[in-house]
Amino acid sequence: MANFSKSNVPQFSVEVYQNAFLPEGGREVNAIVTVTSTGGGTTGGIPLPRAAASPGQVPGYGPGPGPGQGPSAAVVLMVDCSGSMDYPPTKMRNARDATAAAIDTLREGTRFAVVAGTHVAKDVYPGNGQLAVADARTKAQAKEALRRLSAGGGTAIGTWLRLTDRLLGAADVDIRHGILLTDGRNEHEAPEDLRAALDSCAGRFTCDARGVGTDWEVKEVTSIASALLGTADIVADPAGLAADFTQMMENAMGKEVADVALRLWTPVGVEIRFVKQVAPTVEDLTGRRTEAGPRAGDYPTGSWGDESRDYHVCVLVPEAGIGQEMLAARVSLILPDPSGAGAPQVLSQGLVRAVWTDDMVASTSINPQVAHYTGQAELAQVIQQGLDARKSGDFDGATAKLGRAVQLASASGNQDTAKLLSKVVDVVDAATGTVRLKAKVAEADEMTLETRSTKTVRVKK
Amino acid sequence: MKMSESHQQPALARCPGCEEPPASGDLYCGACGYDLSAVPARPDDRPTLAITVPPAVPPAPAPSPAAAVPPTAPHAPDAPTPPAPAVQWPAASETDSSDVPVPVHRATDLPGTDSGGKPLPATPGAHHDDPPTTPPVRHDDRAVVAEPATAVPPDASGDFALAAPDPRTAEPTPTPAAGTKVCVACRSGRVDPDGYCENCGHAQPRERDHMEQELGSVAAVSDRGLRHHRNEDSFAVSSTALPDGSPAVVAIVCDGVSSASRPDEASAAAASAANEALLESLPRGTHPQQAMHEAIVAASEAVNALAQDPPGSAEHEAHRHQNAPACTLVGAIMAGGLLVVGWVGDSRVYWVPDDRTGPPARLTEDDSWAAQMVAAGLMNEAEAYADERAHAITGWLGADSYELEPHTASFKPDRPGLVVVCTDGLWNYAESAEEMAAAVPPEAHRRPLHGAQVLVGHALDGGGHDNVTVALLPFAVEPQGAGSACTTV
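Residue numbers (the numbering used here), protein chains in the order written: chain C, 538 to 998; chain G, 293 to 781.
This is the structure in structure tokens:
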């Protein structure tokens with residue numbers, strides 16, 4: 538297994554964008570770290586109908602992927618079956634269809650299960666407390682089982698996650714992933730229960746979360762995706778579920794390596810201000826550090842396929858004189874030893890430097906990447922604050938914040954977010970951020986804006 | 293500088309090697325860690341021993357060395373043999389900074405070696421030489437730290453800074469075993485493969501931070517200075533023979549343009565290309581002035597070629613990216629009784645006669661804003677050089693240079709003297725020919741390497757605001773008269 542996962546690990550590259558020059562007395566060093574993983578020997582998300590590999594597989598034995606095949610993966614689909622899913626009844630039907638479409642997208646040999654979620658969780662397929670191995674027969678059986686799903690009961694998402702964790706934990710696979718669909722608030726367990734479930738599942742599997750309709754709580758769904766390093770989104774119209782589920786499953790099938798961590802080493806005296814993922818979405822990782830040896834800490838990044846993400850690292854270095862140079866941080870991507878005993882594998886690394894100069898032109902220039910993502914992070918923040926203000930009746934505050942959001946989105950070329958904003962405010966002048974709150978806003982539009990507020994665009998290079 | 297002192301403090305405090313944290317020389321010590329030097333126990337850190345000390349010395353040694361020196365000068369063609377010592381210069385980088393302030397006290401016993409320290413000449417691998425030589429020096433600090441190194445790092449994420457200087461109390465233990473590089477700043481961390489300390493992150497001295505080379509009668513020294521984080525100057529010195537067998541000595545000095553990308557690569561490429569061109573054309577019998585012109589063109593092509601390469605380093609410095617690599621060049625050739633100079637940019641050549649009663653001279657005209665102002669009669673020299681635009685250069689080597697105009701000039705000195713080839717890092721602190729002559733130690737024509745060290749020291753004492761590079765070529769008039777010429781001093 539160790540060998541296998543190693544051979545399959547994609548190539549990681551790390552690029553550091555920063556202005557290393559500080560003025561006399563300068564202490565804050567900002568850097569954008571672009572991590573790109575390529576070529577893990579998979580098809581990059583396209584399901585592999587590897588006929589040659591499946592026959593001959595002994596059921597019960599791991600469908601050990603042959604050479605050139607993707608890594609072994611297990612996926613659990615969590616479908617909300619609470620009573621509200623029947624209002625309107627199309628919701629339940631669409632959820633069933635979407636889940637079926639996702640099952641069709643499963644790569645042969647992938648382990649999978651379907652969990653029906655209400656105030657309790659029940660594994661409806663295969664139903665024996667284990668995972669099924671995807672092939673034509675099991676896929677058909679799973680879809681048959683979906684037809685028997687009916688709506689009724691409450692919503693306790695923590696129980697769904699814990700069951701999923703049990704199912705995935707028993708499988709000896711490289712990639713563990715969950716897909717969660719809900720249509721309502723997590724009403725039948727205390728918020729602390731969900732929090733505790735998330736804490737216990739974090740790092741054990743990744744999970745995408747989707748809210749269908751408009752009766753769910755944005756912050757609940759985004760917090761699930763955030764804790765489990767997956768994506769969150771809204772599917773306002775249940776008819777769009779199938780396409781979204783297929784997309785999510787393709788994405789999951791494209792993952793090649795799990796449990797990659799961003800390791801930050803800093804010299805003595807250097808203080809870490811923050812570590813954020815800034816692309817494709819803003820995700821503050823600062824508080825999620827686990828110590829990894831002297832002056833080093835690991836920040837979880839979950840699983841990777843062929844993709845590229847950006848991180849913003851900000852540190853405070855001790856003051857030094859003009860002409861001095863120091864290493865402010867060493868950023869590396871690491872993969873823990875599969876057995877858990879050996880030293881982790883360093884996939885790639887980059888250096889963040891600090892150089893003190895009396896050249897004002899050098900020290901005052903802001904790296905365009907840093908400037909861009911500082912703006913994108915602020916954009917996510919002001920949207921959130923603006924919508925919160927709007928909900929609480931503070932319309933002046935909401936106007937100011939959303940105005941600033943419009944300004945930032947337009948200046949940075951974040952078209953998608955600009956479009957979403959325009960459904961909530963009337964833009965008078967985007968350049969100055971002059972806006973008026975719309976008198977009537979569709980609930981779905983507001984929820985979409987809130988859910989997608991953390992999506993960023995990359996700087997044009 | 294004053295301001296920097298306060299900031300210096302922490303860094304210095306961590307550098308137990310420096311005994312005088314608050315002194316203005318602190319940056320110098322902290323940056324280069326000159327305790328690594330192979331020059332053992334130096335009595336003091338007096339930065340300038342330049343002019344005051346030597347005068348006392350020369351009178352006595354003058355006569356005898358005079359006899360000794362002429363032989364070496366004429367034998368310049370033989371000099372190529374010493375390339376062995378020439379190999380020592382990588383080693384010198386570690387020794388480097390310590391040498392600059394080195395007083396004359398070494399001079400008597402080993403004039404030739406005081407640059408690299410005696411152990412170095414033999415082995416280029418300086419690192420391994422260090423430990424043996426260091427014990428007498430400030431070894432105690434380093435030794436101490438080597439132990440705490442293991443003790444401190446564990447969780448000492450707090451203020452380690454203060455802990456470092458204290459350990460000084462301990463005794464010199466030869467802990468830094470051969471091969472182990474210990475941080476020059478904090479003395480406790482090992483140096484990682486990227487050249488940074490594994491404990492405090494401090495950048496370690498690089499080979500180019502300080503370079504020295506002595507080759508027969510020509511010598512050059514280059515230093516990072518006190519305010520720049522890397523040395524973007526470069527030089528090349530060499531000697532060859534004309535077709536008639538008479539010696540030809542070459543010195544090239546280049547100054548990378550900081551506002552362009554990869555200035556350090558530009559200067560290194562230019563210096564080496566010009567030098568190689570001369571080593572090829574001079575023995576063929578090309579007239580030295582023509583050869584100089586061609587060498588500048590060759591250097592220019594070498595720098596232009598860099599523009600096509602992808603950036604070598606992974607640093608993404610937005611403000612530097614627009615400009616192609618660029619540098620200045622100045623060179624001097626002594627051959628067949630001629631002194632030929634060539635230049636592009638604002639690096640200079642000065643002439644300092646051995647008989648100081650004669651007038652010194654500057655032999656180059658800067659391609660610079662200030663020089664143009666003066667030439668156009670719009671400002672006098674003092675006004676022009678006081679202007680902040682003074683150093684904006686109007687000619688350089690590099691792909692974005694409008695039109696390359698190599699300047700060359702040929703002189704036939706009628707008396708012995710010293711040719712000073714330098715970057716503005718030096719002449720900023722000795723602008724006029726008279727000031728430069730005053731900065732050149734009297735015996736520099738006999739000990740050019742020492743003279744170059746003293747001149748670099750002069751610039752560092754003045755503030756070392758830029759990289760400093762200087763090459764010295766003693767010019768003797770006639771072979772047989774050389775002995776007397778020198779003694780006439």
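Glycine included, each C-beta is placed from N, C-alpha and C at the ideal position.
DSSP, read as helix, strand or coil, puts C/I712 in strand.
Closest by C-alpha distance to C/Q814, out of C/A789, C/V850, C/A779, is C/V850.
C/L614 is outside the set of residues whose beta carbon lies under 8 Å from a beta carbon in chain G. The C-alpha of C/R685 is placed about 41 Å away from the C-alpha of C/D821.
Look at G/A722 here: in three-state DSSP terms it is coil, with no helix or strand label. Within 10 angstroms of the beta-carbon of C/R674 lie fewer than 16 other beta-carbons, which makes it exposed. Leaving aside the five residues that flank G/A684 on each side, the residues in its chain whose CB is nearer than 6 Å to its CB run, in chain order, W661. Counting C-beta pairs closer than 8 Å gives fewer than three between the stretch 716–724 of chain G and the stretch 481–491 of chain G, which falls short of the contact rule. Those residues of the stretch 498–527 of chain G placed with their C-beta closer than 9 Å to a C-beta in chain C are R516, G517, L518, R519, H520, H521, R522, ordered along the chain. Contact between the stretch 644–655 of chain C and the stretch 610–627 of chain C is present: 3 or more CB-CB pairs across the two stretches fall below 8 Å. Two segments are said to touch when three or more pairs of C-beta atoms, one from each, lie closer than 8 Å; by this definition the stretch 631–641 of chain G touches the stretch 681–695 of chain G. Across the structure, C/K680 and C/A637 are spaced so that their CA atoms are roughly 6 Å apart.
Inclusion of C/V994 and C/P905 in the CB contact set at 8 Å is not warranted, their separation being larger than that value. C/M629 sits in a helix when the DSSP states are folded into three classes. Residue environment for C/M785: buried (at least 16 other C-beta atoms within 10 angstroms of its C-beta). A Cβ of chain C is located within less than 8 Å of the beta carbon of G/C489.
Listed in chain order, the non-local C-beta contacts of C/V657 below 6 Å within the same chain comprise T696, local neighbours out to five positions each way being set aside. For the stretch 622–637 of chain C, the beta-carbon criterion of a distance under 9 Å to any beta-carbon of chain G is satisfied by none of its residues.
At least one C-beta of chain G is nearer than 8 Å to the C-beta of C/A865.
The count of Cβ pairs closer than 8 Å, one atom from the stretch 671–686 of chain G and one from the stretch 701–708 of chain G, stays below three, leaving the stretches out of contact. With a beta-carbon spacing of about 15 Å, C/D736 and C/A762 fall beyond the 8 Å limit used to define contacts.
Where C/Y910 is concerned, there is no enclosing beta strand (DSSP E), although the alpha helix (DSSP H) around it starts and stops at 905–928. Comparing alpha carbon positions, the residue from C/L799, C/S609, C/M622 closest to C/G887 is C/L799. Interface residue (Cβ-Cβ distance to chain C less than 8 Å): G/C492 is classified as such.
For G/D679, not one C-beta of chain C is nearer than 8 Å to its own C-beta. In terms of CA proximity to G/H579, G/I625 leads the group G/N759, G/R516, G/I625, G/A591.
Secondary structure note for C/N567: its beta strand (DSSP E) is the uninterrupted segment 565–575.
Residue-level contact check: G/D486 touches chain C, since one or more beta carbons of chain C fall below 8 Å from its beta carbon. Within the stretch 492–570 of chain G, the beta strand (DSSP E) runs of at least 3 residues that lie entirely inside it are, in chain order, 502–507, 510–515, 525–533, 539–548.
A residue is called buried once 16 or more other Cβ atoms fall within 10 Å of its Cβ, and C/F932, having fewer, is exposed. The C-alpha of C/I712 lies about 44 Å from the C-alpha of C/G970. Secondary structure in the stretch 962–988 of chain C: the beta strand (DSSP E) runs of 3 residues or longer, each lying completely within the stretch, are 962–966, 971–974 in chain order. With a contact defined as Cβ atoms closer than 8 Å, C/F558 and C/T894 qualify at about 5 Å. Secondary structure at G/P485: coil, using DSSP grouped into helix, strand and coil. Inclusion of G/A599 and G/A616 in the CB contact set at 8 Å is warranted, their separation being smaller than that value. Of all residues in the stretch 887–900 of chain C, the ones placed with a Cβ closer than 9 Å to any Cβ belonging to chain G are G887, L888, R890, A891, V892, W893, T894, D895, D896, V898, A899, in chain order.
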